[in-house]
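Count along the sequence shown from 1, then add 43; that gives the number in the numbering used here.
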Amino acid sequence: MPLSYIDISIILAYVVGMIFLGFYISRKASKDLQSYFLGGNTMKWYYLGLSNASGMFDISGTMWTVSILFIYGLKSAWIPWLWPVWNQVFVFVYLAIWMRRSNTMTGAQWITFRFGDGKGARLSHIIIVTFAVVSVIGFIAYFFEGIGKFSTSILPWDLSMQIGAFHLSSERVYALILCVLTTLYTIKGGMYSVVATEVLQFFIMTICALVIGYIAYTNITAEQVSAAVPAGWKDMWFGWHLDLDWSATSMPTVNEKIASDGFGMFGLLFMMMLFKGIFASLAGPVPSYDMQRILSTRTPSDAAKMSVSTILVMYMPRYLMVAAFAVLGLVYLAPELNAMGGQIDFEKVLPLTIAKFVPVGLQGLLLAGLLASFMGTFSAFVNAAPAYIVNDIYKKYINPNASDKKYLRLSVIASCALVFVGIVFGFNAASLTKITLWITSALYGGYAAANVLKWIWWRFSGNGYFYGMLFGLIASTVKLVFFPEFVDIFVFPYILGFSFLGCIIGTYMQPLENREAVKAFYKQTRPWGFWGPIKREVLAEDPNFKPNNDFGRDMVNVFVGIVWQMAQVVIPIYFMIRENMQLLSWSIVFFACTWILKKNWWNRLKYQDEPTPSTVNVTTNQAVCAEEK
44 MPLSYIDISI ILAYVVGMIF LGFYISRKAS KDLQSYFLGG NTMKWYYLGL SNASGMFDIS
104 GTMWTVSILF IYGLKSAWIP WLWPVWNQVF VFVYLAIWMR RSNTMTGAQW ITFRFGDGKG
164 ARLSHIIIVT FAVVSVIGFI AYFFEGIGKF STSILPWDLS MQIGAFHLSS ERVYALILCV
224 LTTLYTIKGG MYSVVATEVL QFFIMTICAL VIGYIAYTNI TAEQVSAAVP AGWKDMWFGW
284 HLDLDWSATS MPTVNEKIAS DGFGMFGLLF MMMLFKGIFA SLAGPVPSYD MQRILSTRTP
344 SDAAKMSVST ILVMYMPRYL MVAAFAVLGL VYLAPELNAM GGQIDFEKVL PLTIAKFVPV
404 GLQGLLLAGL LASFMGTFSA FVNAAPAYIV NDIYKKYINP NASDKKYLRL SVIASCALVF
464 VGIVFGFNAA SLTKITLWIT SALYGGYAAA NVLKWIWWRF SGNGYFYGML FGLIASTVKL
524 VFFPEFVDIF VFPYILGFSF LGCIIGTYMQ PLENREAVKA FYKQTRPWGF WGPIKREVLA
584 EDPNFKPNND FGRDMVNVFV GIVWQMAQVV IPIYFMIREN MQLLSWSIVF FACTWILKKN
644 WWNRLKYQDE PTPSTVNVTT NQAVCAEEK
């Protein structure tokens, strides 16, 4: 793709600026581990929300989302339920509040808070660190694959090289350069660097979304879209079968992609996504950048506000961009895609569209924004994972009395090591879809069971958590190695069931240890669930303790929140394809859900920071926040 000197200058200026910013604010991060990984719990919730939104606005995910909208039309709005995307709703409604009350630095440290420090708790601590590291390596491979594919499509230089007998394609060289540069500013500035650069990146991406949205809206008519897509493409609702036939269009090979994805039985796919989504969402955030931002907030209510702001500021700009790229590709890119023959790659719709439609000057801004989205998400993972290695392994088990300087130095080494391993895996990645489905369906299938029970069941022990996670990791790995031909989402129930079996076996292998630690967790976190015996003991010791009776309210808010989130996905798409009645209907739904959440959730957040008489281990940070109020 030929670029003007103006575009190249914008891209280079942005990359250099991000590195400079990371170095400039690095002094704030060099104080101690709390400052490096959590920003000292001093950052405003709206900055963290923008940072989190930027981290989810990644280039690999955007390329994938453009490709599924291109192929599946409005039904693609359901496919991100594979993650599921609405786990963010469970987080902002109540899980962020529960998690922030722990006052811990990482998800692994949280395990010690939940189960105490017995043998089972220590095993659980080790297994969650293992899961965190494995998942981060998987995501780094995912980003490596995506940014390499994107870069070769939009940057003009052929950087391929031969090193001995080893050939490095241009795609790999671009990915290596960008990964190294992003790692550089991330390890220098820690959480401060991540948040500062991601806030800037979010605004760049929002401008880019508006620009490409304007270009698409003014260059495409509703009639052109209708002529390019098969019957049913504009229909959001579905039956048991997908019933989307591209044979009569200019791109009949799309049918082969649908068959290879395994999504033809869309009704069954939806049932599996819903089944998996409920368990995955009840489990809470996985130990990555999302959890880190929750733990970085000042108070529990700030954690909830940060989580809801991520949805509110991200979805409409992102899906405006996604819809714009998709419709431009549908109307104008059939010759380029058909020329690929049997090797058609729908993930290249986005970069091909940029090359064909974005004018000089705007190309540089847009490409800088898309690189920003990659760098933001990549930096978030690079900053999150080393906390588990340094804080939860080295500091806890090897050298608890080392200096802060040594811990920070080891954090840098751990970041570099994880990036290296992730890149090695990225070299062997077949496609974004393959990595995405394995991470979301198989790997997280092993995570869900133990992490649902940890919140809601008093008898669940550290031993049960360890065996549940271990069984899940074994099952997901067996699936990846021995049964790669099966669609991951359909294997999820088996992995989940095997993991649940491990939970039950581990829990009843021995009596409940650390009962006092379980009581302390219940008093401080105040979850709802099956806590009968523990709740009775706590009330006997402290009659003033108020149990959490908000299960019904929380579930209503979760349902409304999921509909609210879906409205933000489809409104930009309907706007772009000129389906005005659907646009109006979903806009009414969006405002109605906003009003309900304001009355039934937001207005009650002020009570979430009030400690009960039994709250223990209140940190200095909480005391400062209370004093400020």
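Glycine included, every Cβ here is placed at the ideal spot set by N, Cα and C.
Handout entry: Buried or exposed (CB count within 10 angstroms, at least 16 for buried), I456
Key = exposed
Exercise for the section: Determine, using beta carbons only, whether I51 and G310 come nearer to each other than 9 Å. Expected result: no
Practice task
Mind the definition here: the region 361 to 377 touches the region 169 to 182 only if three or more C-beta pairs lie below 8 Å; say whether that holds.
Solution key: no
Problem - Residue from A430, A493, Y537, Y137 with nearest C-alpha to T147 - result: A430
Exercise for the section: Can you say whether M552 is buried or exposed, counting buried as having 16 or more other CB atoms within 10 angstroms of its CB? Expected result: exposed
Practice task
Could you check which residue in D201, M364, L287, F209 has the C-alpha nearest to that of Y617?
Solution key: M364
Exercise for the section: Return the Cβ separation of Q567 and P343 in integer angstroms, given the expectation that the two are a contact with Cβ distance under 8 Å. Expected result: With a Cβ gap of about 11 Å, Q567 and P343 do not count as contacting.
Practice task
Tell me the start and end of each unbroken alpha helix (DSSP H) in the region 143 to 220 that is at least 4 residues and wholly inside, in chain order.
Solution key: 150 to 158, 162 to 197
Practice task
Determine the DSSP secondary structure at W126, reduced to helix, strand or coil.
Solution key: coil
Exercise for the section: Would you decide whether F209 is buried or exposed? Buried here means 16 or more other CB atoms lie within 10 Å of its CB. Expected result: exposed
Practice task
Assign F535 to one of three DSSP states: helix, strand, or coil.
Solution key: helix
Problem - Residue range of the alpha helix (DSSP H) that includes G116 - result: Careful: G116 lies outside any alpha helix (DSSP H) and carries neither H nor E.
Exercise for the section: Indicate the three-state DSSP secondary structure (helix, strand or coil) for W276 in the structure shown. Expected result: coil
Problem - Inter-stretch contact at 8 Å, needing at least 3 Cβ pairs: the region 176 to 187 / the region 385 to 405 - result: no
Problem - Coarse secondary structure for T476, derived from DSSP in three states - result: Any reading at T476 must be qualified, since the residue scores a pLDDT of 49, below 50, and its modelled position is unreliable; the value itself is stated next. Three-state result, T476: helix.
Practice task
Could you tell me whether any Cβ in chain C is nearer than 9 Å to the Cβ of S519?
Solution key: Within the model displayed, chain C is absent; a lone protein chain is all it includes.
Problem - Residue closest to I538, alpha-carbon to alpha-carbon, out of K562, L555, A493 - result: A493
Practice task
Using only the heavy atoms of the ligand NAD, determine whether one of them is closer than 8 Å to the beta carbon of F633.
Solution key: Absent from the structure shown: the ligand NAD. Ligands present: none.
Exercise for the section: Give the DSSP-derived three-state secondary structure of F503 in the structure shown. Expected result: coil
Practice task
Using the Cα positions of N591 and G60, report the straight-line distance between them to the nearest angstrom.
Solution key: 48 Å
Exercise for the section: Using 10 angstroms around the beta-carbon of P127, count the other beta-carbons present and answer buried if the total reaches 16, otherwise exposed. Expected result: buried
Practice task
Kindly indicate which residue of L219, S94, L55 has the alpha-carbon position closest to the one of V467.
Solution key: L219
Practice task
Report the three-state DSSP secondary structure of P588 (helix, strand or coil).
Solution key: Note on residue identity: the sequence assigns Phe, not Pro, to residue 588. Correct three-state label for F588: coil.
Problem - Distance CB(K192)-CB(K391) smaller than 9 Å - result: yes
Practice task
Counting only the same chain and skipping the five closest in sequence on each side, list residues whose C-beta sits under 7 Å from that of L513.
Solution key: I170, G545
Practice task
Give the secondary structure of F245 by DSSP, where H, G and I count as helix, E and B as strand, and everything else as coil.
Solution key: helix
Problem - CB contact flag (V464, V425, <9 Å) - result: 9 Å or more divides the Cβ of V464 from the Cβ of V425.
Practice task
Could you pull out every residue in the same chain whose Cβ sits closer than 6 Å to the Cβ of L46, ignoring the five residues on either side in sequence?
Solution key: P199
Handout entry: Whole-Å CB distance - M315 paired with F564, under 8 Å assumed
Key = Wrong, their Cβ atoms sit about 33 Å apart, outside the cutoff.
Handout entry: Minimum C-alpha distance to Q267 - residue among T292, G282, C251, F246
Key = T292
Problem - Reference S339, options K589, M86, E528, closest by Cα - result: M86
Handout entry: Environment of F156 [buried if 16+ CB atoms lie within 10 Å]
Key = buried
Problem - Alpha-carbon to alpha-carbon, P378 and P123 - result: 28 Å
Problem - Beta-carbon proximity check, C251 vs L413, cutoff 9 Å - result: yes
Practice task
Ignore the nearest five residues each way along the sequence and tell me which others in L409's own chain have a CB closer than 7 Å to its CB.
Solution key: Hits under 7 Å: C251, V254, I255, I397, V401.
Handout entry: Range of the contiguous alpha helix (DSSP H) that encloses G310
Key = For G310, the enclosing alpha helix (DSSP H) begins and ends at 309 to 326.
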